[in-house]
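Q:
There are 2 protein chains.
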Amino acid sequence: MMSSLLLHEYSPSGNCYKIRLTAAHVGQPIERREYDILKGETRTPGFLATVNANGRIPTLQIGETFLPESNAACLYLAHGTPLVPEDRFDHADMMRWLFWEQYNHEPNIATLRFWYGWVGEDALSELQRANLPGKRSAGIEALALMDDHLSRTDWLAAGRFTVADIVLYAYTHVAEEGRFDLAPYPHIRAWLARVAARPRHVPIDA
Amino acid sequence: MMSSLLLHEYSPSGNCYKIRLTAAHVGQPIERREYDILKGETRTPGFLATVNANGRIPTLQIGETFLPESNAACLYLAHGTPLVPEDRFDHADMMRWLFWEQYNHEPNIATLRFWYGWVGEDALSELQRANLPGKRSAGIEALALMDDHLSRTDWLAAGRFTVADIVLYAYTHVAEEGRFDLAPYPHIRAWLARVAARPRHVPIDA
Chain G
1 MMSSLLLHEY
11 SPSGNCYKIR
21 LTAAHVGQPI
31 ERREYDILKG
41 ETRTPGFLAT
51 VNANGRIPTL
61 QIGETFLPES
71 NAACLYLAHG
81 TPLVPEDRFD
91 HADMMRWLFW
101 EQYNHEPNIA
111 TLRFWYGWVG
121 EDALSELQRA
131 NLPGKRSAGI
141 EALALMDDHL
151 SRTDWLAAGR
161 FTVADIVLYA
171 YTHVAEEGRF
181 DLAPYPHIRA
191 WLARVAARPR
201 HVPIDA
Chain Z
1 MMSSLLLHEY
11 SPSGNCYKIR
21 LTAAHVGQPI
31 ERREYDILKG
41 ETRTPGFLAT
51 VNANGRIPTL
61 QIGETFLPES
71 NAACLYLAHG
81 TPLVPEDRFD
91 HADMMRWLFW
101 EQYNHEPNIA
111 TLRFWYGWVG
121 EDALSELQRA
131 NLPGKRSAGI
141 EALALMDDHL
151 SRTDWLAAGR
161 FTVADIVLYA
171 YTHVAEEGRF
181 DLAPYPHIRA
191 WLARVAARPR
201 HVPIDA
């Protein structure tokens, strides 16, 4: 019996979507509360004092406690289900993709999606503009690494559908909104189709 | 009975140190192989084809398989030990700090340590120089968040010493090499001393 769950979120965020997608796969209902990040609603004194001192969504509220970090929330929801491998190596290998997602994938692919789709190309700061080429090439490197890996396996870790596939699906399937062309990555495209075909799958705008 | 373990590393890296520190705490011997990252030894075709396609250390070799991502390697080593909480929330809360470390702490605090200590201030590129103020303020935000959290608890998660403390100790205890002053953070300094006083602790240069 789980406490009531409330997702503090900005729904178009891939980091929020991955939590909803995990909840759908484990059949766990969650309530949702929307914040407008563009209006600073996650930086108010009240938000910082209670929901997340880091000023970011998503945060998963579990009863009276708060769990920030999207991938930690996915792991919480998937705890004890087949989405989390029990084998020692397979478990660590799944975790490897979750850390890689936050270090090598999200800061490039999600950030460019946000810059182009939310900030707007004309409104980018000089510093953001200076960082575009580096983030573009790092994002391409990340996609190439995924494509190469998925040329040898149907799922990212443990030979089966795990939290790693959910977490990396979130921003990869909308990479083109960050102007990353997925045409050169046939193995990624086939994997995206496999993830979307899973029973209980929900789209990002559900 | 674990397979033989070989850490592919650059020993001054905090990401490599956290793996050695975890191994020390669980009493697991590991062999070590050193690469000079400044000479591109982790970007050779051989390294990319076998050790880590992402061209980075550390990678933990377990028998004939390779596990990149420092925090995943720590979790592998600590699997089934008291360093990893079993309780569902405590486990996710520990994971929260591990993801936060890779997203909010390492890219700022470890990067400035590397830029000042290895690249050298005079050799920084124009883009690195442009990113200094943002990384400085994000690093300070990260330290302030940790200090606030540690004002209320002795350990980062689960009310006890876990992998989260090991992982965040690695770059926090050398933050001054990135010119982050720890004087304003008494709770961090007390926590660093608690971590260093644990039985089996090893320093970064061991």
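Sequence lines, in order, name chains G and Z. Its first residue numbered 1, the first sequence is counted upward by one per residue in the UniProt record's numbering. Its first residue numbered 1, the second sequence is counted upward by one per residue in the UniProt record's numbering. Cβ coordinates follow ideal geometry from the N, Cα and C atoms, glycine included.
Determine whether the beta carbon atoms of Ile37 (chain G) and Ala73 (chain G) lie at a separation below 8 angstroms.
A: No, they are not a contact pair.
Q: Answer yes or no: does any C-beta atom of chain G fall closer than 8 angstroms to that of Tyr185 (chain Z)?
A: Judged by the 8 angstroms Cβ criterion, Tyr185 (chain Z) is not in contact with chain G.
Q: Taking three-plus beta-carbon pairs below 8 angstroms as touching, is the segment 83-103 of chain Z in contact with the segment 96-115 of chain G?
A: Short answer: they touch.
Q: In chain order, which alpha helix (DSSP H) runs of at least 4 residues are fully inside the segment 85-121 of chain G?
A: Those alpha helix (DSSP H) runs which fall completely within the segment 85-121 of chain G and span 4+ residues are 88-100 and 111-114.
Q: Mapping DSSP to helix, strand and coil, what is Ile37 (chain Z)?
A: Residue state, collapsed to three classes: helix.
Q: Okay, do the segment 114-123 of chain Z and the segment 102-121 of chain G touch, 3+ Cβ pairs below 8 angstroms being the bar?
A: The segment 114-123 of chain Z, when compared against the segment 102-121 of chain G, does not touch it at the 8 angstroms Cβ threshold.
Q: List, in order along the chain, the chain Z residues whose C-beta lies closer than 8 angstroms to that of Ile62 (chain G)?
A: Under the 8 angstroms cutoff, chain Z gives Phe89.
Q: Answer with buried or exposed for Arg33 (chain Z), where buried requires no fewer than 16 other C-beta atoms within 10 angstroms of its C-beta.
A: By the 10 Å Cβ count, Arg33 (chain Z) comes out exposed.
Q: Closer than 8 angstroms, CB to CB, is His25 (chain Z) near chain G or not?
A: False, the Cβ-Cβ gap to chain G never drops below 8 angstroms.
Q: List the whole-angstrom C-beta distance separating Leu156 (chain G) from Ala164 (chain G), where the pair is believed to meet the contact cut-off of C-beta under 8 angstroms.
A: About 4 angstroms separates the two Cβ atoms, so the contact holds.
Q: Using the Cα positions of Arg88 (chain G) and Phe89 (chain Z), report the straight-line distance between them to the nearest angstrom.
A: Roughly 20 angstroms between the two C-alpha positions.
Q: What residues from chain G crowd round Asp93 (chain Z), counting only those whose CB sits closer than 9 angstroms?
A: Residues of chain G passing the Cβ test: Thr65, Leu67, Ala72 and Tyr76.
Q: For a contact defined as C-beta to C-beta under 9 angstroms, what are the partners of Arg129 (chain Z) on chain G?
A: Chain G residues near Arg129 (chain Z): none, gap ~10 angstroms exceeds 9 angstroms.
Q: Tell me the DSSP secondary structure of Glu64 (chain G) in three-state form.
A: If DSSP states are grouped into helix, strand and coil, Glu64 (chain G) belongs with coil.
Q: Relative to the ligand FMN, is the shortest distance from any of its heavy atoms to the C-beta of Asn54 (chain G) smaller than 7 angstroms?
A: Absence of the ligand FMN is noted for the structure shown, with no ligands found whatsoever.
Q: Alpha carbons only, please: which of Z:Gly14, Z:Gly40 and Z:Trp191 is nearest the one belonging to Gly159 (chain Z)?
A: The candidate whose alpha carbon is nearest that of Gly159 (chain Z) is Z:Trp191.
Q: Between the Cα of Arg129 (chain Z) and the Cα atoms of Z:Tyr171, Z:Trp115, Z:Glu106 and Z:Arg56, which residue gives the shortest distance?
A: Cα-wise, what sits closest to Arg129 (chain Z) is Z:Trp115.
Q: Roughly how many angstroms lie between the CA atoms of Pro29 (chain G) and Asp205 (chain G), to the nearest whole one?
A: If I take the Cα positions, the gap works out to 16 angstroms.
Q: At a CB-CB cut-off below 9 angstroms, which residues of chain G make contact with Asp148 (chain Z)?
A: Residues of chain G passing the Cβ test: Ala53.
Q: Which residue's Cα is closest to the Cα of Leu75 (chain G): G:Tyr103, G:Gly63, G:Asn54 and G:Leu21?
A: For Leu75 (chain G), the nearest C-alpha among the options comes from G:Leu21.
Q: Per DSSP, which one or two residues make a beta bridge with Glu9 (chain G)?
A: Note: Glu9 (chain G) sits in a beta bridge opposite G:Glu34.
Q: If the cut is a Cβ gap below 8 angstroms, which residues of chain G does Asn104 (chain Z) touch?
A: Under the 8 angstroms cutoff, chain G gives Asn54.
Q: Considering Cα atoms alone, identify which of G:Leu127, G:Asp154 and G:Arg113 is closest to Tyr171 (chain G).
A: It is G:Arg113 whose Cα lies nearest to the Cα of Tyr171 (chain G).
Q: Is there a C-beta anywhere in chain Z that falls below 8 angstroms from the one on Leu145 (chain G)?
A: Yes, contact with chain Z.
Q: Taking CB distances under 8 angstroms as the criterion, tell me whether Gly120 (chain Z) reaches chain G.
A: No, because no Cβ of chain G sits closer than 8 angstroms to the Cβ of Gly120 (chain Z).
Q: Quick check on DSSP: helix, strand or coil for Thr81 (chain G)?
A: Correct three-state label for Thr81 (chain G): coil.
Q: Would you tell me roughly how many angstroms separate the C-alpha atoms of Arg182 (chain Z) and Arg179 (chain G), rounded to the nearest one?
A: Checking the sequence, you will find Leu at residue 182 (chain Z) rather than Arg. Cα to Cα, the separation comes out at about 41 angstroms.
Q: With 8 angstroms as the threshold, decide whether the Cβ of Gly134 (chain Z) is near any Cβ in chain G.
A: Yes, contact with chain G.
Q: Going along the chain, which residues of its own chain have a beta-carbon closer than 7 angstroms to the beta-carbon of Glu106 (chain Z), five neighbours each way excluded?
A: Closer than 7 angstroms at the Cβ level, and outside the excluded window around Glu106 (chain Z), lie Tyr171.
Q: Could you name the residues of chain Z that Trp115 (chain G) contacts, counting a contact when the two beta carbons are closer than 9 angstroms?
A: Under the 9 angstroms cutoff, chain Z gives no residues; its nearest Cβ is about 15 angstroms from Trp115 (chain G).
Q: Check whether the segment 42-59 of chain G and the segment 1-11 of chain G are in contact - that is, three or more C-beta pairs closer than 8 angstroms.
A: These segments touch.
Q: Chain G partners of Trp100 (chain Z), CB-CB under 8 angstroms?
A: Within chain G, the residues near Trp100 (chain Z) are Asn54, Pro68 and Glu69.
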